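Data block below; observations after.
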Amino acid sequence: MKRVVSGIKPTGDLTLGNYIGAMKRWGQMSADPDREHFFFVPNLHALTVRPDPETLHRNSRSAVAWLIASGVDHDHSYIFMQSQVPAHAELMWILNNYVTMGELNRMTQFKDKSSKSAAEGQLVGLYDYPVLMAADILLYDADEVPTGEDQKQHVELTRDIATRFNNIHGETFKIPQPTVQEVGARIMNLQDPTRKMSKSDTDDSGNILLSDDEKTIEKKILKAVTDSGSVVSSGADKPALSNLLVIMSVLTDKPVTELEEKYATAGYGRFKQELAEVVVHGLKPLQHVHEQLMHEGNDKIDKALEHGWWRASELANAKLAQVKEVLGLL
Ligand code: AQP
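Sequential numbering of the sequence shown, starting at 2, is according to the working numbering.
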């Protein structure tokens, strides 16, 4: 049976970008009986923003609740917390010896996120982030890693690390394949369509949070920047409208071309108003489930995590033992 592994980092309130680019698809995929799915919350990765402990704890549980609310079937797939499977950190240390600083220097996410500070102020954790991600994937012999466009480069580095290790020590790791969906793999910030929507942004005005209420969603969409002209259409010269059309396309399951026809002469105002309704309507059922799961006394999150931890530990510990044996560490 093929294995699928992916994660959602608890660095803030999840955004519509996380949902459209990842979790919506995970919810649909998780029912596939021919694949074993692992969806984890990389809370160790979240330490790169030095979160307040209470916030990290709350965001991590909230991420599990959003996964379940997005339809991830937690009986037939596995949801777990990265920090509860110590093999991730141990394998990362081992893999650090199979990757070069040159390779890590080329990672665009590191370049983007570290660009605000000089080298002396940049965290090693942020630099090493792709190696922990390689461990996350390789521990489970993942065949597929569904991801948004932004994480594809990290999966490609994972493939290089695994291939290098296998070439030196013999077949140990499966080489994973990144799978990026065609539409919605990179949802952009509503105030600056040249930047992707990111949950760790300090300014939320261009990000729709999954927890935003109806009024906030409407306000953010009506205030979204638009492009010059008045025709609702997508294209390289219309980054803002292209982004809004993609959001509507994914949430309505209608191709962008059909929406372009429908709204061509509607004017930006009416199009945005209808998009706001689509987003509010699309998120409402998820918000309802999320609220119930986060309610004190509801033990579904813990039960899902326990079920996931059990299977994840079984596989991860076996793979780590194999690697240690190969390296003469056992
Ligand atoms: N804007 C986006 N459009 C489409 N997909 C996205 N993803 C993230 N942002 C967008 C996809 O969501 C999954 C989980 O991502 P993550 O939380 O593990 O890390 P990230 O990619 O770094 O997401 P953020 O929201 O930008 O977090 P911060 O601000 O902490 O860096 C991944 O599959 C990702 O591709």
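Cβ coordinates follow ideal geometry from the N, Cα and C atoms, glycine included. Computed from a predicted structure; not experimentally measured.
Residue i to residue j span [Cα, whole Å]
i	j	result
Val181	Lys263	28 Å
Met30	Val5	9 Å
Asn106	Asp129	10 Å
Gln110	Leu124	13 Å
Arg36	Leu306	19 Å
Asn97	Gly126	12 Å
Lys112	Leu284	33 Å
Ile21	His46	21 Å
Thr12	Lys304	23 Å
Trp27	Leu328	35 Å
Pro177	Ala265	42 Å
Ile138	Pro147	11 Å
Heavy atom of the ligand AQP within 7 Å of residue i beta-carbon
i	result
Ile222	no
Ser206	no
Thr12	yes
Lys117	no
Asp303	no
Ser31	no
Met295	no
Pro43	yes
Asn244	no
Arg198	As written in the sequence, residue 198 is Met, which differs from the Arg given in the question. Yes, the ligand AQP has a heavy atom inside 7 Å of this Cβ.
CB of residue i within 8 Å of CB of residue j, strictly
i	j	result
Leu223	Ala277	yes
Lys221	Leu191	yes
Met108	Val132	no
His38	Tyr79	yes
Val42	Val65	yes
Ala237	Ala225	no
Ala186	Glu150	yes
Asn44	Lys200	no
Asn208	Thr49	no
Phe174	Asn168	no
Leu140	Lys320	yes
Opposing strand residues paired with residue i [DSSP bridges]
i	result
Phe174	None, per the DSSP bridge assignment.
Pro147	Thr180
Phe40	Ser7 and Ile80
Met189	Lys197
Closer than 7 Å: residue i CB and nearest the ligand GDP heavy atom
i	result
Ala70	No copy of the ligand GDP appears in this structure; the ligands present are the ligand AQP.
At what residue ranges does the segment 196-238 contain a whole run of the beta strand (DSSP E), taking only runs of 3 or more? none
Minimum length 4: unbroken alpha helix (DSSP H) runs contained in the segment 10-38: 25-30
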